[in-house]
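In my numbering, the protein residues as written are 11 to 475. Backbone N, C-alpha and C fix where the C-beta goes; we use that ideal spot for every residue, glycine too. So the structure is just underneath, and the comments pick up after that.
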């Protein structure tokens with residue numbers, strides 16, 4: 011770029027820590043670019059739609075902007091270099107706004123100087139009095155920038171929780187402007203504080219994709235070391251359940267004492283309220299976390315992200331709609347062998363709308379008409395990657411498979427034709443890798459492809475080449 015160029019960028023979608031952005035130079039055509047970040051969320055590379063790197067940024071451990079060869083930018087270079095050439099999107103270290111005119115990073119609540127590794131203003135709170143690094147309130151991330159990031163460094167979640175909890179508990183007991191009403195407010199405030207703190211603490215202690223967790227204490231107080239768990243139903247249920255139990259128990263126990271009940275009765279009421287809070291918090295938190303994970307392109311239950319999908323076999327079977335309520339076998343035979351379902355029905359006999367077909371009748375009809383050997387292969391499809399690869403290998407060598415639900419000597423309940431096998435690779439929040447096998451069938455009842463579970467049918471029959 012030259013000094014006269016104007017760059018306009020518009021972020022249009024985000025997935026986790028990665029983003030998609032449209033960039034327009036000199037009011038020309040909008041072009042799609044991709045943002046790449048490191049484990050701390052710092053922007054490191056930007057590519058165009060073809061994967062060509064158009065911008066690259068590097069940082070010192072404390073966040074100072076570096077040349078790609080690792081040498082730091084001097085102040086004169088930062089001031090003389092075109093802003094768009096230096097940053098392109100205006101974001102850099104840990105994803106925050108970089109201000110090259112001052113050499114500072116805007117971290118929202120405070121400005122940070124990466125040259126000295128310090129904030130320009132103190133943290134308004136000593137957030138972890140049992141940890142000596144907290145007493146330097148100008149320090150960045152407890153002087154451990156390679157492990158932690160600092161979104162804002164304050165514990166407003168505790169204050170908000172206290173206010174909301176206090177007002178709700180006071181309101182539900184009649185808005186009493188007296189000592190008893192003040193007591194209800196205090197109990198609610200304590201419950202709200204504990205719920206917010208414990209929920210944040212659990213969230214901070216849970217695993218995060220590509221980053222060390224911050225620990226319970228850091229999350230409770232909202233220090234610079236705090237982190238937020240990667241969303242999933244499981245993590246949401248743990249956070250919501252922990253917060254719900256602590257606030258529910260505190261509310262029930264405290265209100266019972268204010269109402270004049272003895273300690274044992276108060277403890278019992280606290281247990282009941284805590285159990286209700288645990289259940290409702292876990293359910294609501296789990297649903298919110300799971301939905302958030304799905305919106306982020308990850309698994310609802312555990313938050314795992316699919317990182318690869320490999321097609322092992324795809325026979326592209328023709329779509330065949332069965333003609334007759336009991337004609338799924340002949341229609342499946344037409345899709346897998348090319349012989350029409352009417353021909354198979356004539357061989358088998360009976361009314362396609364009334365008469366069931368047994369597996370023996372269907373297998374004999376295939377062998378009679380095509381000369382291909384047919385025999386049972388498995389009870390259910392393999393759920394492991396190795397087993398799926400074996401089935402796919404046979405499909406690629408000309409074998410066909412049909413899947414049925416039946417019992418020995420009885421008519422077949424329903425039959426589908428196996429069309430494709432693929433394996434999806436997932437990365438858990440912990441970083442571990444696991445695989446899911448995906449089977450697609452041609453379903454003659456619909457005349458369409460659909461995904462099925464490996465155990466949805468109880469017989470797998472092989473049709474040899």
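- Of the candidates 201, 72 and 379, 72 places its Cα closest to the Cα of residue 152.
- Beyond the five residues adjoining it in sequence on each side, residue 295 comes within less than 7 Å, by CB distance, of 246, 247, 249, 250 and 251 in the same chain, given in chain order.
- Take the alpha-carbon of residue 242 and the one of residue 293: they are about 12 Å apart.
- An exposed status is given to residue 320, since fewer than 16 other beta-carbon atoms sit within 10 Å of its beta-carbon.
- In this structure residue 467 is buried. Its beta-carbon is surrounded by 16 or more other beta-carbon atoms within 10 angstroms.
- DSSP places residue 324 within a strand segment (E or B) once states are collapsed to three.
- Scanning 129, 83 and 105 for the CA closest to the CA of residue 111 turns up 83.
- In the DSSP assignment, the residues bridged to residue 437 are 315 and 443.
- Residue 467 carries a coil assignment under DSSP once its states are collapsed to helix, strand and coil.
- Annotation: the continuous beta strand (DSSP E) that includes residue 458 extends over 458-462.
- Along the length of the region 238-320, whole alpha helix (DSSP H) runs at least 4 residues long occupy 243-268 and 273-305, reported in chain order.
- Rounded to the nearest angstrom, the Cβ distance from residue 411 to residue 387 is 7 Å, consistent with a contact under 8 Å.
- Under the three-state reduction of DSSP, residue 412 is assigned to strand.
- With 16 or more neighbouring CB atoms inside 10 Å of its own CB, residue 453 falls in the buried class.
- For residue 66, the uninterrupted beta strand (DSSP E) run begins and ends at 63-66, by DSSP.
- Counting the other CB atoms within 10 Å of its CB gives residue 280 a total of 16 or more, which places it among the buried residues.
- Residue range 384-388 is occupied by the beta strand (DSSP E) that includes residue 384, with no alpha helix (DSSP H) assigned at that position.
- Secondary structure at residue 394: coil, using DSSP grouped into helix, strand and coil.
- Just measuring C-alpha positions, the residue of 328, 324, 306 and 459 sitting nearest residue 398 is 324.
- If the five residues before and after residue 178 are omitted, its C-beta is found closer than 7 Å to the C-beta atoms of 198, all from its own chain and listed in chain order.
- Counting C-beta pairs with one atom in each stretch, the region 273-288 and the region 296-309 have fewer than three that are closer than 8 Å, which means they do not touch.
- Sequence-distant partners of residue 282 (beyond 5 residues in either direction) whose C-beta falls short of 8 Å from its own C-beta, in its chain, are 262.
- According to the DSSP secondary-structure assignment, residue 129 is paired through a beta bridge with 122.
- Each of 204, 189 and 275 was checked against the Cα of residue 258, and the nearest Cα belongs to 204.
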